[in-house]
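Chemist: Residue numbers (the working numbering): 228 to 313. Virtual Cβ for every residue (Gly too), placed ideally from N, Cα, C. First the structure, which I've put down as structure tokens, then a few questions once you've had a look.
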Amino acid sequence: MADAYNEILGERLPKVQELNDKRKRQIKRLLGELHEPTLDVVRAYFETFRDSAGPFYFGDNNRTWRAGFDYLLRSDVLTKTREGAL
């Protein structure tokens, strides 16, 4: 999953350097929320986020905040991405 994230979003968002225990738990939880827990579905999620998220998520804001791997592992972000509500 980290490799897919880095490949799809690593040019625009901070790259994943380490998969610690907390991230591994978040990945497991996220996989349980997907209609199929496969790498293809994960890649589709990251691609949909990349293509539908506004500039704000990529640092175009007054705080220069950017989404990152941990942000994309959140349930609410998955839901917003599915619903086109970013």
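May I ask which residues mark the beginning and end of the alpha helix (DSSP H) holding residue 291?
Modeler: Residue 291 -> no alpha helix (DSSP H), and no H or E assigned at all.
Chemist: Please report the distance separating the alpha-carbon of residue 245 from that of residue 301.
Modeler: Rounded to the nearest angstrom, the two C-alpha atoms are 17 Å apart.
Chemist: Thinking just about the alpha-carbon of each residue, which of 247, 288, 263, 239 is nearest to the one in residue 278?
Modeler: Nearest of 247, 288, 263, 239 to residue 278, Cα basis: 239.
Chemist: Return helix, strand or coil for residue 312, following the three-state DSSP convention.
Modeler: Looking at residue 312 - three-state DSSP - the assignment turns out to be coil, as it is neither helix nor strand.
Chemist: Output yes or no for whether 8 Å exceeds the beta carbon distance between residue 276 and residue 243.
Modeler: In this structure, residue 243 does not lie closer than 8 Å to residue 276 by Cβ.
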